[in-house]
Every structure is written in structure tokens, then in C-alpha cells.
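Chain order of the listed sequences is A and B. Straight run, no breaks: the first sequence in this note's numbering ends on number 342. Straight run, no breaks: the second sequence in this note's numbering ends on number 741.
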Amino acid sequence: MKPCYINSAASISAQDTFDSNRFLETIISHESKTVHAMHPKYKEFISPIASRRMATGVKMGVAASKMALQEAQLETPDAIITGTGMGCIEDSEKFLNAIIDNDEQYLTPTSFIQSTHNTVGAQIALTLNCKGYNVTYVHGAVSFESALVDAQLMLHEHTANHILVGGVDELGKQFIEDIVKAEALEPKPITVPFGEGAHFFTLSSSKQKDTYGELKAIEIINKATPELIQEKLQAFLKRNGLITSDIDAVLLGINGDGFDNYYQNLQNSIFNTTPQIHYKHLSGEFFTASAFGFWVATNIVKQQKIPKALLLNEVEHSNYKNVLLYNQFKGRQHSFMLLSSC
Amino acid sequence: MPQNRVAITGMGIVSSIGNTMEENLHSLLHYKKGIAPIVNIETRHKDAIKVGEILQTNEQLANSLNLPKGHNYSRTALLGCIAAKQAVKHANIEDISSFRTGLISSTSVGGMDMTEKHFKNYTSNPESRKFISSHHAGDSTEKIADHLGISDYVSTISTACSSAANAIMLGARLIKSGQLDRVIVGGTDGLAKFTINGFKTLMILSDTDCAPFDANRTGLNLGEAAAFLVLESEVIVKENNKSVLAYVAGYGNANDAFHQTASSENGEGAFLAMQKALTVANIQPKDINYINAHGTATPNNDLSEGRAIQRIFGPTIPDFSSTKAFTGHTLAAAGAIEAVYSVLALQNNVMFPNLNFNTAIPELQMIPITEVTKKPLEYALSNSFGFGGNCSTLIFSKS
Numbered sequence: 001m002k003p004c005y006i007n008s009a010a011s012i013s014a015q016d017t018f019d020s021n022r023f024l025e026t027i028i029s030h031e032s033k034t035v036h037a038m039h040p041k042y043k044e045f046i047s048p049i050a051s052r053r054m055a056t057g058v059k060m061g062v063a064a065s066k067m068a069l070q071e072a073q074l075e076t077p078d079a080i081i082t083g084t085g086m087g088c089i090e091d092s093e094k095f096l097n098a099i100i101d102n103d104e105q106y107l108t109p110t111s112f113i114q115s116t117h118n119t120v121g122a123q124i125a126l127t128l129n130c131k132g133y134n135v136t137y138v139h140g141a142v143s144f145e146s147a148l149v150d151a152q153l154m155l156h157e158h159t160a161n162h163i164l165v166g167g168v169d170e171l172g173k174q175f176i177e178d179i180v181k182a183e184a185l186e187p188k189p190i191t192v193p194f195g196e197g198a199h200f201f202t203l204s205s206s207k208q209k210d211t212y213g214e215l216k217a218i219e220i221i222n223k224a225t226p227e228l229i230q231e232k233l234q235a236f237l238k239r240n241g242l243i244t245s246d247i248d249a250v251l252l253g254i255n256g257d258g259f260d261n262y263y264q265n266l267q268n269s270i271f272n273t274t275p276q277i278h279y280k281h282l283s284g285e286f287f288t289a290s291a292f293g294f295w296v297a298t299n300i301v302k303q304q305k306i307p308k309a310l311l312l313n314e315v316e317h318s319n320y321k322n323v324l325l326y327n328q329f330k331g332r333q334h335s336f337m338l339l340s341s342c
Numbered sequence: 343m344p345q346n347r348v349a350i351t352g353m354g355i356v357s358s359i360g361n362t363m364e365e366n367l368h369s370l371l372h373y374k375k376g377i378a379p380i381v382n383i384e385t386r387h388k389d390a391i392k393v394g395e396i397l398q399t400n401e402q403l404a405n406s407l408n409l410p411k412g413h414n415y416s417r418t419a420l421l422g423c424i425a426a427k428q429a430v431k432h433a434n435i436e437d438i439s440s441f442r443t444g445l446i447s448s449t450s451v452g453g454m455d456m457t458e459k460h461f462k463n464y465t466s467n468p469e470s471r472k473f474i475s476s477h478h479a480g481d482s483t484e485k486i487a488d489h490l491g492i493s494d495y496v497s498t499i500s501t502a503c504s505s506a507a508n509a510i511m512l513g514a515r516l517i518k519s520g521q522l523d524r525v526i527v528g529g530t531d532g533l534a535k536f537t538i539n540g541f542k543t544l545m546i547l548s549d550t551d552c553a554p555f556d557a558n559r560t561g562l563n564l565g566e567a568a569a570f571l572v573l574e575s576e577v578i579v580k581e582n583n584k585s586v587l588a589y590v591a592g593y594g595n596a597n598d599a600f601h602q603t604a605s606s607e608n609g610e611g612a613f614l615a616m617q618k619a620l621t622v623a624n625i626q627p628k629d630i631n632y633i634n635a636h637g638t639a640t641p642n643n644d645l646s647e648g649r650a651i652q653r654i655f656g657p658t659i660p661d662f663s664s665t666k667a668f669t670g671h672t673l674a675a676a677g678a679i680e681a682v683y684s685v686l687a688l689q690n691n692v693m694f695p696n697l698n699f700n701t702a703i704p705e706l707q708m709i710p711i712t713e714v715t716k717k718p719l720e721y722a723l724s725n726s727f728g729f730g731g732n733c734s735t736l737i738f739s740k741s
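And the structure:
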């Protein structure tokens with residue numbers, strides 16, 4: 001694969017992440033079952049007229065994409081690739097309720113129009129007048145990773161030089177309450193809150209002065225046992241010319257549920273002397289929470305430090321060259337992402 | 343010719359005009375449309391619309407997959423599993439794990455057909471609760487992956503009505519770049535009250551049989567379908583002496599960046615998508631023998647697409663037709679079922695009729711193929727466009 005540089009990284013999350021210079025210096029702790037994102041001043045990014053019609057996810061997505069483009073000093077990307085697990089759940093709920101409550105009468109199209117999963121990607125294209133490649137991935141916890149796979153492939157194919165890639169999910173109102181209730185009935189439920197956020201990055205074939213790092217490789221595995229994951233992870237590292245001791249930090253998508261044994265298996269074996277990081281206690285759990293993890297990882301390789309609130313063990317490295325992310329959801333939708341500093 | 347060509351070695355399809363590929367071909371050749379009043383869905387709009395519905399209940403579909411009682415399959419998942427299994431069988435794949443095999447599916451509303459039935463009872467009724475996890479768009483794909491035994495690269499695309507075309511495109515790219523040897527690609531969408539009412543509010547549903555590219559077209563018929571294609575690298579095909587149905591020769595994706603739901607007047611996104619696909623295929627517009635148009639029969643789409651076709655092909659427009667008057671607009675699945683139809687066209691050297699056409703659109707003066715027409719075909723082009731300005735074009739070749 002040809003080089004894939006991460007030239008900017010923008011985050012709207014349940015933490016104060018607008019300015020990466022204050023990289024998780026102040027932590028907001030969450031006690032509730034669901035946690036909303038900290039919203040930026042949207043009028044700095046979106047006209048008030050457009051903003052009024054937009055649901056939370058669209059607003060977050062458009063704003064985060066503009067932050068990412070500004071940081072990379074890029075006007076229009078060559079392609080826009082988006083990942084979203086639940087899509088536009090706010091408007092989907094609105095339209096569903098209207099159909100059921102009014103027995104299919106007196107409906108207006110607005111919430112239907114904005115309920116399609118590609119609304120965020122489409123609105124970004126519209127605001128930028130970007131006619132390039134535009135795709136939205138919607139595969140649960142690997143939605144963002146799927147977008148990255150596509151972006152990396154495009155840079156490799158030389159069909160684009162600057163790609164806007166992001167992950168976005170909104171909490172919505174009703175569906176999430178049912179998810180929370182259903183989750184509570186699980187034998188070992190998720191203990192971090194459910195959350196939301198938007199994370200956008202520019203991936204480029206050329207390095208910029210303030211580049212964050214390099215995306216080396218991604219792998220998506222739909223289904224595997226913890227033992228097989230360990231095997232596949234070692235093969236993944238080997239293919240990238242690395243062994244486990246080359247990894248300077250490992251970010252794990254720990255959420256407190258019964259499937260955390262996938263992480264524990266690695267923590268107690270191949271990564272027992274590696275700095276171990278968790279992040280979903282800060283971002284909340286949602287299908288594109290791993291994009292928050294990716295944002296954290298990009299900042300670790302750029303700033304060469306790990307904020308205290310992230311570390312699970314006492315191990316520290318003097319520099320952070322290779323950083324690995326591993327995430328899964330309910331024992332499925334596993335992903336490895338490998339970043340390195342430039 | 344590029345080194346690692348992408349071969350199509352199997353296809354599976356279930357639509358309102360047939361439960362198998364053979365049945366679909368038979369209907370296309372015998373002018374048998376699937377558009378009729380709605381049967382399976384309780385809706386207030388029953389008498390006001392016609393749809394392309396698959397006349398099997400969820401229970402019948404589940405039985406054909408031998409699902410245990412108490413499963414949580416949405417109609418989207420049921421249809422997807424059936425079509426994907428057909429495709430793998432058609433490709434004579436015995437051991438799916440013998441090569442690096444991926445699955446890329448697509449859907450517009452995922453498990454919405456079950457969500458709209460159970461949404462209000464999730465907490466009160468345990469029978470409803472199990473459908474919470476079948477709502478998200480990746481769920482049907484996971485179920486298809488389990489039926490096929492695919493455990494590594496599995497993903498789902500949702501770009502409204504161009505979804506499956508993008509799944510086919512990504513599959514082809516992953517094979518070309520050597521990341522996968524084989525990919526099952528396609529799309530699935532079951533009819534739902536959600537989409538019926540959505541399109542109804544947009545006032546683009548026809549109250550009668552849709553008439554693509556006709557001057558007096560009044561809108562689209564919704565449909566439901568699933569189709570999957572098996573893509574394999576030419577290296578595998580040669581090594582295993584497999585028969586090839588056709589090749590994915592070109593693909594292009596662009597965004598119209600004009601309006602969330604409407605296409606631009608000059609069809610810029612469609613124009614760019616077709617242009618890119620021709621470049622990837624490394625052929626000239628004159629090499630295209632047949633266009634399976636998106637042709638939804640909405641006033642906006644057909645005019646915009648027609649203009650884009652004129653801009654690409656100039657005065658000599660290839661034979662073209664929209665098969666939407668047979669199947670209805672099957673949303674995310676449309677790109678996949680029309681890919682199957684394009685390959686069937688190439689294999690049989692036949693073009694399928696654009697039903698219900700009478701009068702050319704005055705601004706375009708374009709007349710589609712209205713009869714089953716035999717002609718040697720080398721290249722077929724298929725368009726799929728969606729909400730959000732998502733435009734995609736695929737080009738298939740015989741050899």
C-alpha cells in the first residue's frame with residue numbers, strides 16, 4: 001500500500017476535544033447511562049438557515065468535516081467517505097413516529113429526506129460543492145474502519161490525493177432508551193455510557209508540515225474467537241514488518257461488557273508489557289466510537305504523550321512510534337488499525 | 343488489458359419478477375412485469391399505489407432458509423440471504439474459505455420493516471425486543487455472512503438508491519488491488535411502510551404502472567429485491583478453470599452536489615460517473631452497446647439522466663432501456679438486480695424492453711428499446727443514482 005498521511009484530525013465528542021493542543025487535559029466524567037457530545041458553536045461552520053433543518057448528527061458531521069479541512073488547509077477534498085452505524089436515527093425516529101401516530105397521514109417529507117444513511121456525506125458534499133467520490137459505510141462497529149479501508153485503497157490507486165474520512169453517530173431520543181433498557185437485561189451489560197460524536201480526518205498521499213502520522217494498515221474481521229483474534233493480530237503485525245514489542249501503545253475498545261475478554265486475552269499475554277489504553281469511558285459507546293479512539297491515537301503519535309485518564313497500566317514508553325487500535329462489538333465486527341509517527 | 347481482471351462467476355436474485363435468475367430472465371423476455379397492488383403490507387395507501395412486491399410471506403422466506411422459530415430476521419435479511427446463497431451456489435463454490443473471500447452488501451433502510459412493526463413495543467414485549475438489534479443496516483449483512491460462512495472482510499454500504507452499485511465497485515477494487523481473491527457483492531431491501539410513506543410525501547410515486555422515459559411519466563413504483571454477484575480475480579478463475587459470466591470492466595462514482603433529493607438539470611453527477619467508468623474500462627462511448635438506465639420514471643430523474651447520457655454519447659446514443667417498469671424501484675438493491683440484468687443481456691445478446699413507453703420526452707427526444715431485441719453485445723453500462731447526489735455507473739463486458 002502507498003503511504004497514507006493523516007494531515008488533520010477533528011473531534012466533536014463527549015469530551016472537550018475541539019482543540020487538540022489541550023489533548024484531554026481536562027476530563028469530563030460521565031455518570032449517566034447516555035452522554036451527549038459537547039457541541040461547538042455551529043454558526044461558525046454552518047449557516048443558521050441550513051443548521052435549523054439539520055439533525056444533531058448532520059450538524060456534528062458537517063462541522064467536524066469543516067474543522068478537519070481547515071486544519072489541513074484544504075478547500076475541497078477529492079473524495080468524501082463517511083461511516084455511520086445507526087445513521088440518521090433522530091430523523092428516522094421522527095418519521096417513524098409520524099407514520100405510526102398519524103396512521104400514515106399528514107406527513108411532511110423533511111425528516112424522511114434526512115433519514116437516509118448518506119445524509120451526512122451528502123450534506124458535506126453539498127456545502128463544499130464537492131463532486132468527487134462519495135460513499136457511506138453502515139456496518140455497525142466497523143463503519144468508520146470500512147471508510148478508512150476505502151480511503152487507503154483510493155490513495156493506493158492514485159484516484160485521489162486528499163480524502164475526507166469520518167465517522168459520525170447521534171444518540172437520538174427514543175431508540176437509544178430502548179437500547180439502554182435492553183442492554184441492562186444482558187448478563188454482563190455495557191458499563192460505559194452510550195454516547196455520540198463526529199470525527200473527521202484528512203488522509204493524503206503527501207505529508208504536510210503538521211501531519212499527525214501515517215495510517216499503516218487496517219483489517220476488518222467479522223467473526224472470530226479471542227484466540228483467533230490474537231493469531232490474526234500477530235499475523236497482521238508481521239505483514240507490516242512488526243512484532244508485538246514494537247507496539248508502543250495499544251488502544252482497546254473496552255466497554256465493560258461480557259465481551260471484554262477479547263481485550264483481556266491480549267492485555268494478559270502479548271501486550272502485558274505494552275502501555276494499554278482505554279477510551280470509551282470518555283467518549284461513550286457508539287458504533288463509530290472507534291473514530292474517537294483513532295483521534296486519540298493520532299494525537300498520541302503527534303504529541304508523543306498519553307493523557308493520564310487513558311492509561312490502564314503503569315507502563316510508559318519514551319516515544320510512541322507505533323500505535324495499534326483493536327476494537328470489537330459484542331464479539332463481532334473486530335478491527336485492527338495501525339498508526340505510526342512521521 | 344489490465345492484469346487482474348474482475349470476473350463475475352455467479353449470480354443470485356429474488357425480485358417481483360422471479361425467485362431465481364432463470365425466472366427473472368424468463369419474465370424479462372416475456373414482458374411479465376411484477377407491478378401490482380400491494381399484498382403483504384398493511385398500508386393506508388393500498389389502493390393509491392402499485393408496487394413490485396415479492397409474493398412470499400416472511401414465514402415462507404424463513405422456511406426456505408430453515409430458520410429456527412423465534413429468529414429476528416428482517417425481510418431485508420431474508421431476501422438477502424436467499425439471493426446471496428443462490429449466487430454462491432451458481433459460482434460452484436464448495437469451500438468458501440479456500441480463498442480470501444469478502445462480503446459487501448448494501449441496503450437503504452436495513453431492518454426498518456421490522457422496526458416499524460415493533461418500535462413501539464420494544465420495552466413492553468420481549469418478542470419485539472429482539473428486533474432492536476436487527477434495525478441497523480449492518481445486521482442483514484451479518485446474517486448473510488453467517489449463512490455463507492464468511493468471517494473476515496464484511497461490510498455494508500448505504501448510499502440510498504445507488505448502494506449496490508457502490509458495493510460492486512468496491513468489490514472490484516479490492517480484487518484488482520489484490521486485497522481479496524473473491525468478494526460476494528450486492529444489495530437487499532424489503533418493502534416497508536417507512537419508504538412507501540417517504541416517497542409518497544415526496545409526491546414521486548406513480549398511481550399506475552410507471553413509464554420510464556415517457557413524456558407523460560408520473561413517478562415511480564417502489565419494489566423490493568435482493569441480488570448478489572460473485573466476483574473473482576482472473577487468476578483464481580484461470581487456476582480453477584472456472585466459467586466466467588462476464589467481467590466488471592469499469593466503474594465510476596461521483597456526487598451531483600446539487601440537492602439532497604433532486605438531480606441537477608444537466609445531470610452533472612451522472613455525467614461524471616459515466617465518464618469515470620468509461621475511463622476505468624479504457625473504452626470509448628461508442629463501445630457501449632446497451633445502457634440499462636436508472637430510469638425511475640420520476641419527471642426529474644429521467645430528464646436529468648437523459649441529458650447526462652446525451653452529454654456522454656452525443657448524437658449516437660446506444661440502445662437503452664430501464665427495467666424499472668418490470669421490478670419497480672428496488673432502492674439499494676436496484677444496482678445489483680440491474681447488474682444481473684446487464685450480465686444476462688451480455689450472455690444472451692439480448693436487450694430488455696422499457697415497458698409502458700409511448701411518447702418521447704420533448705426536451706430529449708430519446709426513444710428506448712421497447713421490444714425484446716437481439717443484438718451482439720460486448721459492453722453494457724448500468725446507471726444507479728440516489729438521494730444525496732450519489733451517482734454510480736458500472737460497465738460490464740463479455741470478455
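Here a beta-carbon is modelled for each residue, glycine too, at the ideal position from N, C-alpha and C.
Residue span of the alpha helix (DSSP H) that contains A619/B, given as start and end: Reading the second sequence from its first residue, position 277 is the one you call residue 619/B. Its alpha helix (DSSP H) spans residues 610 to 623.
Helix, strand or coil for S497/B, going by three-state DSSP, please let me know. Walking along the second sequence from the start, residue 497/B turns up at place 155. Of the three classes helix, strand and coil, the one that applies to S497/B here is strand, per DSSP.
According to DSSP, T715/B sits in a beta bridge with which residue or residues? Start at 1 with the first residue of the second sequence, and residue 715/B comes out as number 373. DSSP lists M693/B as partners of T715/B.
Is the CB-CB distance between G83/A and F144/A below 7 Å? Stepping through the first sequence from its first residue, residue 83/A is reached at position 83. Stepping through the first sequence from its first residue, residue 144/A is reached at position 144. At the C-beta level, G83/A and F144/A come within 7 Å of one another.
Just the chain B side, please: which residues come within less than 9 Å of G197/A by C-beta, in chain order? Here residue 197/A refers to the residue found at position 197 when the first sequence is read from its first residue. Those do not exist, as G197/A stays about 17 Å from chain B at its closest Cβ, beyond 9 Å.
Any C-beta of chain B sitting closer than 7 Å to the C-beta of D257/A? To locate residue 257/A, count along the first sequence from 1; it is residue 257. So no, D257/A is outside the interface.
Beta-carbon proximity list for I247/A, same chain, < 8 Å, skipping 5 on both sides: Looking up residue 247/A in the first sequence gives position 247. Counting only residues of its own chain and dropping the five nearest sequence neighbours on each side, I247/A has a CB closer than 8 Å to the CB of L237, F271, T274, N322, V323, L324.
Entirely enclosed beta strand (DSSP E) segments - the segment 524 to 609 of chain B, minimum 3 residues: Within the segment 524 to 609 of chain B, the runs of beta strand (DSSP E) at least 3 residues long that lie entirely inside it are, in chain order, 524 to 531, 567 to 575, 588 to 597.
Since A426/B and V579/B are thought to touch, with beta carbons under 8 Å apart, how far apart are those beta carbons, to the nearest angstrom? By one-based count along the second sequence, residue 426/B stands at place 84. By one-based count along the second sequence, residue 579/B stands at place 237. The pair is not a contact, with the Cβ atoms about 20 Å apart (cut-off 8 Å).
If you follow the beta strand (DSSP E) that S359/A is in, where does it begin and where does it stop? In the structure as shown, chain A begins at 1 and stops at 342. Residue 359/A is therefore absent and cannot be evaluated.
So, for M343/B: in the same chain, excluding its five sequence neighbours on each side, which residues have a beta-carbon less than 7 Å away from its beta-carbon? Position 1 of the second sequence, counted from the first residue, corresponds to residue 343/B. Residue placement at M343/B is poorly supported in this model, since its pLDDT is 40, which falls under 50; the coordinates still yield a value, given next. Sequence-distant partners of M343/B (beyond 5 residues in either direction) whose C-beta falls short of 7 Å from its own C-beta are missing from its chain.
Under 8 Å from the C-beta of A122/A: neighbouring residues of chain B: Along the first sequence, one-based indexing puts residue 122/A at 122. Counting only Cβ-Cβ distances below 8 Å, A122/A has contacts in chain B at N597, Q602, F729, G730, G731, N732, in chain order.
Pairs of beta-carbons, one from the segment 357 to 370 of chain B and one from the segment 504 to 521 of chain B, closer than 8 Å: are there three or more? Note that the segment 357 to 370 of chain B does not touch the segment 504 to 521 of chain B; fewer than 3 beta-carbon pairs, one per stretch, sit closer than 8 Å.
Have a look at N414/B, H372/B, F541/B, A678/B and flag the residue whose alpha-carbon is nearest the alpha-carbon of T560/B. Within the second sequence, residue 560/B is the residue found at index 218, counting from 1. For T560/B, the nearest C-alpha among the options comes from F541/B.
Residues of its chain near K388/B, where Cβ-Cβ distance is below 8 Å and the 5 sequence neighbours each way are ignored: Your numbering for residue 388/B matches position 46 in the second sequence. Here the set comprises P379, I380.
Residue interval of the alpha helix (DSSP H) (run including L490/B): As a working mapping, residue 490/B is identified with position 148 in the second sequence. L490/B -> alpha helix (DSSP H) spans 480 to 490.
Where do the N-terminal and C-terminal ends of the alpha helix (DSSP H) with L338/A fall, by residue? Counted from its first residue, the first sequence places residue 338/A at position 338. That residue, L338/A, is in no alpha helix (DSSP H); its beta strand (DSSP E) goes 332 to 340.
Considering only their Cβ atoms, is the gap separating G453/B from S493/B smaller than 7 Å? Position 151 of the second sequence, counted from the start, is the residue given in the question as residue 493/B. Position 111 of the second sequence, counted from the start, is the residue given in the question as residue 453/B. With a cutoff of 7 Å on beta-carbon distance, S493/B and G453/B are scored as not near each other.
Does any residue of chain B have a CB that is nearer than 7 Å to the CB of D101/A? Stepping through the first sequence from its first residue, residue 101/A is reached at position 101. Cβ-Cβ to chain B under 7 Å: no for D101/A.
For L252/A, name the three-state secondary structure that DSSP assigns. Position 252 of the first sequence holds residue 252/A. L252/A falls in the strand class under three-state DSSP.
Does S497/B get closer than 7 Å to chain A when you measure Cβ to Cβ? Residue numbering aside, residue 497/B sits at position 155 when the second sequence is read from its first letter. Taking 7 Å as the threshold, the shortest C-beta distance from S497/B to chain A falls below it.
Mind pulling the chain B residues with CB within less than 9 Å of Q105/A? By one-based count along the first sequence, residue 105/A stands at place 105. Below the 9 Å Cβ cutoff, chain B contributes R386 as neighbours of Q105/A, in chain order.
Where do the N-terminal and C-terminal ends of the beta strand (DSSP E) with A702/B fall, by residue? Translated into positions along the second sequence, residue 702/B becomes position 360. Here A702/B belongs to no beta strand (DSSP E), and DSSP marks it neither H nor E.
Can the beta-carbon of D178/A be found closer than 7 Å to that of I396/B? As a first step, residue 178/A must be located in the first sequence, where it is residue number 178. As a first step, residue 396/B must be located in the second sequence, where it is residue number 54. Not a contact, by the Cβ cut-off of 7 Å.
From K41/A to I12/A, what does the alpha carbon distance come to, in whole angstroms? Looking up residue 41/A in the first sequence gives position 41. Looking up residue 12/A in the first sequence gives position 12. Going from the Cα of K41/A to the Cα of I12/A covers about 11 Å.
When DSSP labels each residue in this structure, what does Q398/B get in the three-state scheme? Against the second sequence, residue 398/B aligns to sequence position 56. Q398/B carries a coil assignment under DSSP once its states are collapsed to helix, strand and coil.
7 Å Cβ cutoff, P187/A in contact with chain B: Translated into positions along the first sequence, residue 187/A becomes position 187. No, P187/A does not count as interfacial toward chain B.
Per DSSP, cross-strand counterpart(s) of E285/A: The count along the first sequence starts at 1 and reaches residue 285/A at position 285. Here E285/A is bridged, per DSSP, to F194/A.
Residues of chain B with a CB under 8 Å from the CB of T351/A: which are they? Outside the shown range of chain A (1 to 342) lies residue 351/A, about which nothing can therefore be said.
With burial defined as no fewer than 16 other Cβ atoms inside 10 Å of the residue's Cβ, what is the status of K628/B: buried or exposed? Your numbering for residue 628/B matches position 286 in the second sequence. Label assigned to K628/B: exposed.
Among I659/B, G513/B, L645/B, N400/B, nearest to I630/B - alpha-carbon criterion: For the purposes of this step, residue 630/B is identified with residue 288 of the second sequence, where counting begins at 1. Taking only the C-alpha atoms, the option nearest I630/B is I659/B.
P290/B classed as buried or exposed, judged by whether at least 16 other C-beta atoms fall within 10 angstroms: This structure gives no information on residue 290/B, because the portion of chain B shown stretches from 343 to 741.
By the three-class DSSP mapping on this structure, what secondary structure does S11/A have? For this step, residue 11/A is matched to residue 11 along the first sequence. Reduced to three states, the DSSP call for S11/A is strand.
By the three-class DSSP mapping on this structure, what secondary structure does G648/B have? On the second sequence, position 306 is the one that residue 648/B refers to. Helix, per DSSP.
Selection of the segment 507 to 525 of chain B by Cβ proximity to chain A, strictly under 9 Å: Residues of the segment 507 to 525 of chain B with a Cβ closer than 9 Å to any Cβ of chain A, in chain order: N508, M511, L512, R515, L516, K518, S519, Q521.
At 8 Å on the CB atoms, spell out the chain B contacts of Y137/A, in chain order. Walking along the first sequence from the start, residue 137/A turns up at place 137. Under the 8 Å cutoff, chain B gives S497, T498, I499, S500.
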